[in-house]
Amino acid sequence: MALLQITEPGLSAAPHQHRLAVGIDLGTTNSLVATVKSGAATVLPDEHGRSLLPSVVRYRDDGRTIVGFEAQAEQSRDPNNTIVSVKRFMGRGLADIQDVGRSPYRFVDAPGMVQLVTRAGHKSPVEVSADILKNLRERAEASLGGELIGAVITVPAYFDDAQRQATKDAARLAGLNVLRLLNEPTAAAIAYGLDNGAEGTYVVYDLGGGTFDVSVLALTRGVFEVLATSGDSSLGGDDFDHRIYCWILEQAGLHGLSAHDTRLLLTRAREAKEALTEHADTRITAVLADGQTIDLQLSQTTFHAISKTLIDKTLLPVRKALRDARIGAGDVKGVVMVGGATRMPQVQKAVGDFFGRPPLTNLDPDKVVALGAAIQANVLAGNKGDDEWLLLDVIPLSLGLETMGGLTEKIIPRNSTIPIARAQEFTTFKDGQTALSVHILQGERELVSDCRSLAKFVLRGIPPMVAGAARIRVTFQVDADGLLAVTAREMISGVEASIEVKPSYGLSDDEITRMLSDSIAHVADDINARKLREAMVDADSLLDALDVALASDADLLDDAERAALDEAMQALRDAIAAESTKDINACSHRLNQASEPFAARRMDRNIQRALTGKNIETL
Amino acid sequence: MTADLFSDFQQDHFALFGLPRRFALDGAALDTLWRSAAAQVHPDRFASAGDAEKRIALMAATRVNEAYQTLKSPLARARYLLRLAGIDTAEETNTSMPPAFLMAQMEWREAIEDARHGHDVDALERLSRQLRLDVRAMEDELGEALDEQHDHASAALLVRKLRFLEKLDQEIGDAIEALLF
Ligand SMILES: Nc1ncnc2c1ncn2[C@@H]1O[C@H](COP(=O)(O)OP(=O)(O)OP(=O)(O)O)[C@@H](O)[C@H]1O
Ligand SMILES: [Mg+2]
Numbered sequence: 036m037a038l039l040q041i042t043e044p045g046l047s048a049a050p051h052q053h054r055l056a057v058g059i060d061l062g063t064t065n066s067l068v069a070t071v072k073s074g075a076a077t078v079l080p081d082e083h084g085r086s087l088l089p090s091v092v093r094y095r096d097d098g099r100t101i102v103g104f105e106a107q108a109e110q111s112r113d114p115n116n117t118i119v120s121v122k123r124f125m126g127r128g129l130a131d132i133q134d135v136g137r138s139p140y141r142f143v144d145a146p147g148m149v150q151l152v153t154r155a156g157h158k159s160p161v162e163v164s165a166d167i168l169k170n171l172r173e174r175a176e177a178s179l180g181g182e183l184i185g186a187v188i189t190v191p192a193y194f195d196d197a198q199r200q201a202t203k204d205a206a207r208l209a210g211l212n213v214l215r216l217l218n219e220p221t222a223a224a225i226a227y228g229l230d231n232g233a234e235g236t237y238v239v240y241d242l243g244g245g246t247f248d249v250s251v252l253a254l255t256r257g258v259f260e261v262l263a264t265s266g267d268s269s270l271g272g273d274d275f276d277h278r279i280y281c282w283i284l285e286q287a288g289l290h291g292l293s294a295h296d297t298r299l300l301l302t303r304a305r306e307a308k309e310a311l312t313e314h315a316d317t318r319i320t321a322v323l324a325d326g327q328t329i330d331l332q333l334s335q336t337t338f339h340a341i342s343k344t345l346i347d348k349t350l351l352p353v354r355k356a357l358r359d360a361r362i363g364a365g366d367v368k369g370v371v372m373v374g375g376a377t378r379m380p381q382v383q384k385a386v387g388d389f390f391g392r393p394p395l396t397n398l399d400p401d402k403v404v405a406l407g408a409a410i411q412a413n414v415l416a417g418n419k420g421d422d423e424w425l426l427l428d429v430i431p432l433s434l435g436l437e438t439m440g441g442l443t444e445k446i447i448p449r450n451s452t453i454p455i456a457r458a459q460e461f462t463t464f465k466d467g468q469t470a471l472s473v474h475i476l477q478g479e480r481e482l483v484s485d486c487r488s489l490a491k492f493v494l495r496g497i498p499p500m501v502a503g504a505a506r507i508r509v510t511f512q513v514d515a516d517g518l519l520a521v522t523a524r525e526m527i528s529g530v531e532a533s534i535e536v537k538p539s540y541g542l543s544d545d546e547i548t549r550m551l552s553d554s555i556a557h558v559a560d561d562i563n564a565r566k567l568r569e570a571m572v573d574a575d576s577l578l579d580a581l582d583v584a585l586a587s588d589a590d591l592l593d594d595a596e597r598a599a600l601d602e603a604m605q606a607l608r609d610a611i612a613a614e615s616t617k618d619i620n621a622c623s624h625r626l627n628q629a630s631e632p633f634a635a636r637r638m639d640r641n642i643q644r645a646l647t648g649k650n651i652e653t654l
Numbered sequence: 456m457t458a459d460l461f462s463d464f465q466q467d468h469f470a471l472f473g474l475p476r477r478f479a480l481d482g483a484a485l486d487t488l489w490r491s492a493a494a495q496v497h498p499d500r501f502a503s504a505g506d507a508e509k510r511i512a513l514m515a516a517t518r519v520n521e522a523y524q525t526l527k528s529p530l531a532r533a534r535y536l537l538r539l540a541g542i543d544t545a546e547e548t549n550t551s552m553p554p555a556f557l558m559a560q561m562e563w564r565e566a567i568e569d570a571r572h573g574h575d576v577d578a579l580e581r582l583s584r585q586l587r588l589d590v591r592a593m594e595d596e597l598g599e600a601l602d603e604q605h606d607h608a609s610a611a612l613l614v615r616k617l618r619f620l621e622k623l624d625q626e627i628g629d630a631i632e633a634l635l636f
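So the protein sequences, as listed, match chains A and B.
If you're matching positions, the first sequence starts at 36 in our numbering and goes up one per residue.
If you're matching positions, the second sequence starts at 456 in our numbering and goes up one per residue.
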């Protein structure tokens, strides 16, 4: 096989190849990549030994794209083409972005999601994020010495479906196989909980650069169960910078600044904010483009006063999450602080006061999310560690449909454990109506206009009937990534329509393939080679999984079924040996189909085993 | 089509967890049963398996979660028991209620409205606690009707009443949120 494999000594009895998998924290300000090596999660540094990659992308005039520290250093020189905090624009339309004037970019309103005007053309936030992810993928592959099997990418727990879908698209565009989208606070809880053997109810308070999340989790014997989550997907350290920036403008009597000066002062504001974590006051100096000098002194007291409302704003989702989890602040055993912005002493104090106990600050708030993601990636890739643990997460926002009169009907309430499916029946309201339009919404409010519109589609071909006679069942299925798929079916005629909820800006598989080929400045051969490798890796893991399944449950198959399965497995092995992408994919598909009844019976048996064991114990 | 492959998935929610088909239920036991079933079928367990197994894991995990959520909530559990007995609780269509219950509803609504206007979150929290007591009492009656008297008509009425109280609870929650956020 073309892949370089690293085996880990003594990992399992059966010599099993260690599959390279990583966890990526795609942050507003900083991104990281981590992996599990010899049983321990570690962050992979760049060639200079730095763990963090600033989430900054610059499109240079020589046609190169640079990412990270170098781009960050050049941001005030070239503000329009240096994109910072792009995560705030993921899955967002122009109308969603608060105070467009606040950032130095020129936006164009593309359907569904904004695009940024750069010298390299119009860039969607998905493409900019993909540039960051590509950098981290290359870092990981260089450091681990092989191609990655896949990655777990973290997202703010409060991200809606559109933002999650955009993140998944970005990862695929960066050439990553997404093993799972994992909620950031949940990732932190895994890293913290496994390390500390924590049991009981914990709160994760995650204030990063651009997003705020709070999750309430019950930790019981290796099960991480999210009870409720809440947050604000556009509230973070950036907003504290902005408060200081506004204070500077006011103190120095400035207005109508250029993009360059805006970026410069925002950078100074951030430096001042970070300095005030350690010091009682700090000096802010800058020379503007027109030669004017700024020289101001900012005290901690003033900073706390001008940023107090931001901190209060984080406590509202905290209350909401506690209410939804039906617990009080006193029931919480520990509050885990995550995200660089929780270093601010006034944040720690406010959280401590709220819960009546000092928060847990003994972990590195920058790294814990990436470490948790790496631990999960390792398990999902099939490199089972010793610890068997399970993650039960929830959707953050209710999902529903538009009904008569512009109202929303909730189908799946927020904080439902995923995966989950719900069906609801509707009917026609006019005689002879042959089509029904389905408008999918996310949010808590009653009016359609106050919720996020995720997708619209039309179920056509309903046989004409009198009003109210048709029975149209709309089914929502949310998978373990928190992503929604919707199907509509007229029950009498069987007419069906379905949609993978990809809002209009969502990239189709073809588009991603095209963009991938465009972006990798490789010849066609390389792309074909990559496709072959991917097909082989997938086929190998399919065969491995079936071998394991047959070793324990072969008795579920009769002789004929067994023979058919063996034959399909052999065909796939032959296709792998022949190195034909097309045949491998075809045989994999056939094997998948042939093994479906076996998989279902095994699933039955597993549930039975789990439950009968328990029944004897408990009843 | 795949659903037909599951023998156990044709079972009702109680049978799935090996629990007796009745209203009274040991919540902690249900939690444990759910977690162990979920541990077997969660898609995370099959992330590196073939597409067939992934698809089936998604269905199985969805099924297990649905069963758990239905059984966990007393209202959903009662509604489900009645459905298994072939009784439609007609919550959307049958709105006839005893006058005393409707009177009590109006008083609740007024109290919520007053608290909302007075921006009194504490009063709303108090109402919410009080409502929970009422709900608890009604759930006890429901258990009696379903498990002891096997009186489906009374049970269906209690389900409809509980649905009213659930809506009230939602209203209180919304009011609290509106004042806080
Ligand atoms: N010592 C410090 N004092 C105050 N703020 C700090 C300090 N160190 C970092 N920060 C702030 O933390 C924020 C970045 O945190 P972090 O790296 O956790 O965010 P992120 O993961 O990139 O963002 P998000 O999770 O919102 O997507 C920035 O606003 C940064 O200024
Ligand atoms: Mg973060």
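Built from N, CA and C at the ideal position, the CB exists for glycine as well.
Owing to the predicted nature of the structure, the values given are computational and were not obtained by experimental measurement.
Take the Cβ of residue i as the centre, count every other Cβ of all protein chains shown within 10 Å, and call the residue buried at 16 or more, exposed below.
i: residue 509 of chain B; result: buried
i: residue 594 of chain A; result: exposed
i: residue 539 of chain A; result: At residue 539 of chain A, the pLDDT of 47 sits below 50, so the modelled position is not reliable; the number obtained from the coordinates is stated separately. When all chains shown are included, residue 539 of chain A counts as exposed.
i: residue 603 of chain B; result: exposed
i: residue 539 of chain B; result: exposed
i: residue 495 of chain B; result: buried
i: residue 616 of chain B; result: buried
i: residue 206 of chain A; result: buried
Of all the options the options, which has the alpha carbon lying nearest to the alpha carbon of residue i?
i: residue 541 of chain B; options: B/613, B/608, B/529; result: B/608
i: residue 316 of chain A; options: A/305, A/380, A/306, A/332; result: A/332
i: residue 567 of chain A; options: A/614, A/527, A/576; result: A/614
i: residue 200 of chain A; options: A/334, A/122, A/171; result: A/122
i: residue 513 of chain B; options: A/449, A/501, A/638; result: A/638
i: residue 63 of chain A; options: A/477, A/202, A/112; result: A/202
i: residue 564 of chain A; options: A/163, A/580, A/124, A/182; result: A/182
i: residue 483 of chain A; options: A/503, A/309, A/451, A/441; result: A/441
i: residue 128 of chain A; options: A/608, A/488, A/494, A/506; result: A/488
i: residue 377 of chain A; options: A/366, A/275, A/327; result: A/275
i: residue 473 of chain A; options: A/152, A/101, A/439; result: A/439
Can the beta-carbon of residue i be found closer than 7 Å to that of residue j?
i: residue 204 of chain A; j: residue 161 of chain A; result: yes
i: residue 139 of chain A; j: residue 356 of chain A; result: no
i: residue 185 of chain A; j: residue 212 of chain A; result: yes
i: residue 374 of chain A; j: residue 243 of chain A; result: yes
i: residue 81 of chain A; j: residue 174 of chain A; result: yes
i: residue 282 of chain A; j: residue 341 of chain A; result: yes
i: residue 90 of chain A; j: residue 167 of chain A; result: yes
i: residue 599 of chain A; j: residue 625 of chain A; result: no
i: residue 594 of chain B; j: residue 554 of chain B; result: no
i: residue 505 of chain B; j: residue 226 of chain A; result: no
i: residue 646 of chain A; j: residue 488 of chain B; result: yes
i: residue 515 of chain A; j: residue 56 of chain A; result: no
i: residue 239 of chain A; j: residue 163 of chain A; result: no
i: residue 513 of chain A; j: residue 430 of chain A; result: yes
Indicate whether at least one CB of chain B lies closer than 7 Å to the CB of residue i.
i: residue 454 of chain A; result: yes
i: residue 250 of chain A; result: no
i: residue 631 of chain A; result: yes
i: residue 407 of chain A; result: no
i: residue 646 of chain A; result: yes
i: residue 642 of chain A; result: yes
i: residue 429 of chain A; result: no
i: residue 210 of chain A; result: no
i: residue 258 of chain A; result: yes
Using a Cβ cut-off of 7 Å (strictly closer), state whether residue i contacts chain A.
i: residue 621 of chain B; result: no
i: residue 549 of chain B; result: no
i: residue 580 of chain B; result: no
i: residue 496 of chain B; result: yes
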